[in-house]
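Counting from 1, position 61 in the sequence shown corresponds to residue 1160 in the numbering used here; the numbering is continuous, with no gaps.
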Amino acid sequence: MKKAFLLFLLKLLPETRCFSIKRSLLRLVGYEIGHDVRVCSSARFLGAGHIILKEGTWIGHESMLVSTSLISVGAKVDIAPKSILVQERT
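As structure tokens, then:
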């Protein structure tokens, strides 16, 4: 419930502004979010897995990260708009 509410709040923020607030919300969800990570408000985070976004990463418009185990994105990576990253437990 808490996770769903926090991710709902993320959607209410301006698409390409308020990045520090978005980082804080994602950290409250339990994700590891590095310094200067920028996430567009239309990005979706699904699944019960853990997500790590290292410093300087950009998550583009309408991207989707779906994890049942772990998704780890390195430093200074740009994820294009409408991209889908899926990690299933093996």
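C-beta atoms are modelled at their ideal positions from N, C-alpha and C, and glycine is treated no differently.
{"query": "Buried versus exposed call for residue 1144 [16 or more other C-beta atoms within 10 Å across all chains shown]", "result": "buried"}
{"query": "Minimum C-alpha distance to residue 1167 - residue among 1128, 1140, 1112 and 1147", "result": "1147"}
{"query": "Selected residue, minimal CA-CA separation from residue 1125, among 1157, 1138 and 1116", "result": "1138"}
{"query": "Simplified DSSP state of residue 1123, which is helix, strand or coil", "result": "helix"}
{"query": "Extent of the continuous alpha helix (DSSP H) run through residue 1111", "result": "1101-1111"}
{"query": "Buried versus exposed, by CB contacts within 10 Å (16 or more), residue 1171", "result": "exposed"}
{"query": "For residue 1149, the first and last residue of its enclosing beta strand (DSSP E)", "result": "1149-1152"}
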